[in-house]
Amino acid sequence: MTHAIEVRDLHKYFGQNEVLKGIDMTVDTGQVVCVIGPSGSGKSTLLRCVNLLETPTRGKVFVEGVEVTDPDVDIDAVRRRIGMVFQQFNLFPHMTALENVMIAQRRVLKRGRKEAEVIARENLDKVGVGAKCDALPTQLSGGQQQRVAIARALAMSPDLMLFDEPTSALDPELVGDVLTVMRKLAEEGMTMLVVTHEMGFARQVADRVVFMDGGVVVEDGPSSQVIGDPQQERTRTFLHRVL
Ligand code: ADP
Ligand code: MG
1 MTHAIEVRDL HKYFGQNEVL KGIDMTVDTG QVVCVIGPSG SGKSTLLRCV
51 NLLETPTRGK VFVEGVEVTD PDVDIDAVRR RIGMVFQQFN LFPHMTALEN
101 VMIAQRRVLK RGRKEAEVIA RENLDKVGVG AKCDALPTQL SGGQQQRVAI
151 ARALAMSPDL MLFDEPTSAL DPELVGDVLT VMRKLAEEGM TMLVVTHEMG
201 FARQVADRVV FMDGGVVVED GPSSQVIGDP QQERTRTFLH RVL
């Protein structure tokens, strides 16, 4: 069976620093997998290796059966199937919400203006910011900006979504709105790989939780087990600190 994402013996060095030390992990189609772990454990680097924002030093990464670490791969074609949402929303400051959601559709997918606008409005509605189409990012709260960023990713009709701590930059009262959108996406069957510190979300929404520490996967299992009844001492220590 082809996994949506498959990572095999992935190593990543920055200079002499081995940040990923042989990661094996899979995400199946329609699954939500949350990656948890202390700061500096390599979670972002792992996520960024999936769409080659970082070049793996050794090992293989497959996306829907296509080896992205193959030097001959058409990486732009693979990236078009992957939506990514970052901690920092990275919206264009001089463009409205609507324009932010239209631009990549126009430039990358070559959609016409009308079609791109219809799809942008649909997705802004879907994430609950349809009334803010004409607002500039500075006129939006952090939670609204992050939902625009999610709409921008969804408007590209991705097969899977990568989230890197999407709520970590938000004021606490705005976190819930973003998690609600992500929960809805999960219920609709979107394949999602999510780095998060939101243990409640991971426990309730994830099919599996992967605990990373020091560049290795320490524990990988059903969310109820990894968070509710961890098998490894390092996982227990981490959870005691964050829960
Ligand atoms: P996490 O997301 O779990 O906090 P990261 O993947 O961001 O961890 O970082 C893991 C380690 O790799 C850290 O020690 C970090 O300093 C280092 N690192 C990350 N990106 C780079 C980079 N571009 N250049 C050098 N070192 C990096
Ligand atoms: Mg990170």
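Numbering (full-length UniProt numbering), first residue to last: 1 to 243.
Idealized CB from N, CA, C, for every residue including glycine.
The structure presented is a predicted model; accordingly, all values stated were derived computationally and were not measured.
| request: Check Phe-86 in the structure and name its three-state DSSP category. | output: For Phe-86, the secondary structure class from DSSP, reduced to helix, strand or coil, is coil.
(request) Taking Pro-222 as part of the beta strand (DSSP E), name the residues at either end of that continuous run. (result) Secondary structure note for Pro-222: its beta strand (DSSP E) is the uninterrupted segment 216-222.
Next item on the list: Name the two residues that bound the continuous alpha helix (DSSP H) containing Phe-201.
Entry: Per DSSP, Phe-201 is one residue of the alpha helix (DSSP H) stretching across 199-205.
**OP:** Determine, using beta-carbon pairs with one atom in the region 206-217 and one in the region 64-82, whether at least three such pairs fall under 8 Å.
**Re:** No, they do not touch.
Under 8 Å, with one C-beta from each stretch per pair, do the region 77-85 and the region 153-170 reach the 3-pair mark? Yes: at least three Cβ pairs fall under 8 Å.
Residues near Thr-26 in its chain [Cβ-Cβ closer than 6 Å; skip 5 each side]
Hits under 6 Å: His-3 and Glu-6.
**Item:** Cutoff 7 Å; reference Lys-43; Cβ partners in own chain excluding five residues on either side
**Value:** Close CB contacts of Lys-43 within its chain, under the 7 Å cut and outside five residues either way in sequence, are with Val-35, Gly-37, Val-195 and Met-212 (chain order).
### Message
Can you tell me whether residue 263 sits near the ligand MG, meaning its C-beta is under 7 Å from at least one heavy atom of the ligand?
### Response
Since the displayed the chain opens at 1 and closes at 243, residue 263 lies outside it and no answer follows.
Tell me whether the region 132-152 and the region 46-53 touch, counting them as touching only if at least three CB pairs, one residue from each stretch, are closer than 8 Å. No contact exists between the region 132-152 and the region 46-53.
According to DSSP, is Glu-117 part of a helix, a strand, or is it coil? Reduced to three states, the DSSP call for Glu-117 is helix.
_Lys-12 burial status per 10 Å Cβ neighbour count (16 or more: buried)_ = By the 10 Å Cβ count, Lys-12 comes out buried.
Secondary structure of Met-182, DSSP reduced to three states: Met-182 falls in the helix class under three-state DSSP.
In the DSSP assignment, find the unbroken alpha helix (DSSP H) run with Asp-76 in it and report its ends.
-> 75-79 is the span of the alpha helix (DSSP H), which, as asked, contains Asp-76.
Would the C-beta of Lys-43 count as close to the ligand MG, meaning under 7 Å from any of its heavy atoms? Lys-43 Cβ: within cutoff of the ligand MG.
* Within 8 Å, strictly: CB atoms of Asp-207 and Val-32 -> A contact, by the Cβ cut-off of 8 Å.
Worksheet item: Tell me which same chain residues have a C-beta within less than 7 Å of the C-beta of Met-102, skipping the five on either side of it?
Response: If the five residues before and after Met-102 are omitted, its C-beta is found closer than 7 Å to the C-beta atoms of Ala-116, Glu-117 and Ala-120, all from its own chain and listed in chain order.
Among Gly-221, Phe-201, Ser-39 and Ala-169, which one has its Cα closest to the Cα of Val-210? The residue with the shortest Cα to Cα distance from Val-210 is Gly-221.
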